[in-house]
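Asks: Would you mind keeping the following structure in view while I ask a few things?
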């Protein structure tokens, strides 16, 4: 799926942001998306981390710029700047921690300030290995319902144990490539539309800030 060749500056490039609470595995996911054999990082992200990888979809190799955002509350004000002009967003939570699932409201609220209205979205429930051994706090139905409310796909993974979690990126990039081929304005339009709450109720639109 991922090309081993060096990144080509002439490749089509897409921006993907990874959002979620601290400790849910965003940085581990970003590392494995770029290299399935990468060691698991243990330190929390401070502000922002960035990686780029080549992804081959339907015969075309494109560049995915992956922005790994910090989950600590003190960095919330930075999320709108990071989400600007992103064609894709991955919302990550911990299947064994209900609090991290409910905190996706905050991520959605902050992201909606600048995230393009037509950006492709993916909801990822991480730590499936622990969830499958009796520690599950968020049901699959809860995750699927939340994803459906924001018109996103949903997947459950274990970044620690899965041989190839990068399939989640390939599916997202395939959707992005398809949308970008259909419209030259893809990923550029932001009308400030409301995003639904995990309960299905809309989140009031946040006033736009100057970033």
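Numbering (my numbering), first residue to last: 496 to 706.
The C-beta atom is built at its ideal place from N, Cα and C for all residues, glycine as well.
What you are looking at is a predicted structure, and each value in this text was computed from that prediction instead of being measured.
Helix, strand or coil: which one does DSSP assign to residue 558?
Replies: Strand.
Asks: Taking the alpha-carbon positions, what's the residue 654 to residue 628 distance?
Replies: Cα-Cα distance, rounded: 16 Å.
Asks: Could you have a look at residue 702 and say whether DSSP puts it in helix, strand or coil?
Replies: The predicted position of residue 702 is uncertain, since its pLDDT is 36 and thus under 50; no value can be drawn from it.
Asks: 7 Å is my cut-off, CB to CB: does residue 647 come that close to chain B?
Replies: The structure shown contains no chain B; it is built from a single protein chain.
Asks: State whether the segment 516 to 531 contacts the segment 548 to 567, with contact taken as three or more CB pairs (one from each stretch) at a distance under 8 Å.
Replies: The answer is yes - the segment 548 to 567 touches the segment 516 to 531, with three or more Cβ pairs under 8 Å.
Asks: What does a CB cutoff of less than 6 Å around residue 671 pick up in its chain, not counting 5 residues either side in sequence?
Replies: The residues are 509, 582, 583, 615.
Asks: Give the straight-line distance between the Cα atoms of residue 511 and residue 601, rounded to the nearest whole angstrom.
Replies: Going from the Cα of residue 511 to the Cα of residue 601 covers about 18 Å.
Asks: Given that a residue counts as buried once 16 or more other Cβ atoms are within 10 Å of its Cβ, and exposed if not, what is residue 642?
Replies: With 16 or more other Cβ atoms within 10 Å, it is buried.
Asks: Helix or strand or just coil, what does DSSP make of residue 515?
Replies: Of the three classes helix, strand and coil, the one that applies to residue 515 here is strand, per DSSP.
Asks: Just the Cα atoms here: how many angstroms apart are residue 505 and residue 518?
Replies: Using only the alpha carbons, I get a separation of about 35 Å.
Asks: What number of angstroms, rounded off, separates the C-alpha of residue 604 from the C-alpha of residue 578?
Replies: Distance between the alpha carbons of residue 604 and residue 578 is about 12 Å.
Asks: With the cut-off set at 7 Å, would you say residue 622 and residue 595 are in Cβ contact?
Replies: Against a cut-off of 7 Å, the Cβ pair of residue 595 and residue 622 comes out as no contact.
Asks: Could you tell me which uninterrupted beta strand (DSSP E) segments, each at least 3 residues in length, are contained entirely in the segment 625 to 664, listed from first to last along the chain?
Replies: List check, beta strand (DSSP E) in window: 648 to 651.
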